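Those sequence lines, one after another, are chains U and D.
The numbering of the first sequence is the working numbering, which starts it at 2 and goes up by one.
The numbering of the second sequence is the working numbering, which starts it at 217 and goes up by one.
Note that CB positions come from ideal geometry on N, CA and C, so glycine has one too.
No experiment lies behind these values; they were computed from the predicted model shown.
Data block below; observations after.
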Amino acid sequence: MMKEILIILFSSLGALFILVAAIGILRMPDFYLRQSVTVKAATMGAGFILIASAFYFYEFSTTTKALSVIFFLFVTAPVSGHMICRSAYFSGTPLWEDSVLDDLHGKFDAKNEILKSGLEEEIKEKDQ
Amino acid sequence: MSVEQYLTYIIMPILALSVLLVFIRFFKGPAVVDRVVALDLTISIGVAIIAVYSMIANNSAFLDDAMILALIAFLGTVAFAYYLAVRVKK
């Protein structure tokens, strides 16, 4: 009985997170907001559903399998999200017009592929 | 209502609806990167669907497929990001 309750709880939570991620990717106004939805909510939802499957089979071999899939998802999702966001920003994908902050504005030289930190002058002063 | 019925009649339709919503973004997506992200999210939901299906079918061998699919999603996104960056450079 306890096992069924746990399975239903975790699979419902996971499905809810995934539904929120799908609505978010459809409704968000801007590529970067959509990207954040994908990386966080969907990975969380898939993790919850895999935990539910680990409870369902309740064997050592299956639990390690499910945990390795979760570990893999949690390690790779931020890496791929960062890479696609980086190439999107450098290829000139526009931000939402109501965005407040763009930290990289004016610091990237697209012609020569140089990314400045904005602290170059301070460092020069320190060196002298 | 057993667990299998709950998974079949409530969880699976929610996941199918999510895939449908993501596919709308996949067809609309103004830039290439939007489509790449939609594809990535589709595959993440695919991993969840495989896990639910392995519970419905009571067969734990399907979880191996979920692992391979997660690997392919990562490789695909990284390759897309790399080639988009190369295209910008030219």
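Can you check DSSP and say which residues form a bridge with residue i?
| i | result |
| --- | --- |
| Phe109 (chain U) | U:Leu116 |
Note down, in chain order, each residue of its chain lying with its Cβ closer than 8 Å to the Cβ of residue i, except the 5 sequence neighbours on either side.
| i | result |
| --- | --- |
| Leu231 (chain D) | Ile261, Ala264, Ile265 and Val268 |
| Ser118 (chain U) | Lys108 |
| Leu279 (chain D) | Ile266, Ala267 and Ser270 |
| Thr258 (chain D) | Val235, Val238, Phe239 and Phe242 |
Around the C-beta of residue i, are 16 or more other C-beta atoms found within 10 angstroms, so that it is buried, or is it exposed?
| i | result |
| --- | --- |
| Ser81 (chain U) | buried |
| Leu291 (chain D) | exposed |
| Asp250 (chain D) | buried |
| Ala277 (chain D) | exposed |
| Leu223 (chain D) | buried |
| Gln36 (chain U) | buried |
| Ala53 (chain U) | buried |
| Ile19 (chain U) | buried |
| Ala78 (chain U) | buried |
| Ile227 (chain D) | buried |
| Leu116 (chain U) | exposed |
| Ala273 (chain D) | exposed |
Can we count residue i as close to the ligand NAD, meaning its CB is less than 7 Å from some heavy atom?
| i | result |
| --- | --- |
| Met29 (chain U) | With respect to small molecules bound, the structure shown includes none, and the ligand NAD cannot be examined in it. |
With a cut-off of 8 Å, does the C-beta of residue i fall near any C-beta of chain U?
| i | result |
| --- | --- |
| Ala282 (chain D) | yes |
| Ala273 (chain D) | no |
| Tyr222 (chain D) | yes |
| Ile261 (chain D) | yes |
| Ile240 (chain D) | yes |
| Ile288 (chain D) | no |
| Phe296 (chain D) | yes |
| Ala254 (chain D) | yes |
| Ala232 (chain D) | no |
So, is the C-beta of residue i closer than 8 Å to a C-beta in chain D?
| i | result |
| --- | --- |
| Phe32 (chain U) | yes |
| Ile24 (chain U) | yes |
| Val101 (chain U) | no |
| Phe58 (chain U) | yes |
| Gly107 (chain U) | no |
| Phe91 (chain U) | yes |
| Phe73 (chain U) | yes |
| Lys117 (chain U) | no |
Near residue i, which residues of its chain fall below 7 Å by C-beta distance, leaving aside the five closest residues on each side in sequence?
| i | result |
| --- | --- |
| Asp208 (chain D) | Here chain D comprises residues numbered 217 to 306, so residue 208 (chain D) is not present and cannot be evaluated. |
| Leu51 (chain U) | Ala67, Val70 and Ile71 |
Go through its chain and collect everything with a Cβ distance to residue i's Cβ below 6 Å, but skip five positions before and after it.
| i | result |
| --- | --- |
| Ala286 (chain D) | Val263 |
May I ask you to verify whether the segment 38-58 of chain U touches the segment 87-106 of chain U, counting CB pairs closer than 8 Å and requiring at least 3? no
If we count Cβ pairs, one from each stretch, closer than 8 Å, do we get three or more for the segment 15-26 of chain U versus the segment 233-249 of chain D? yes
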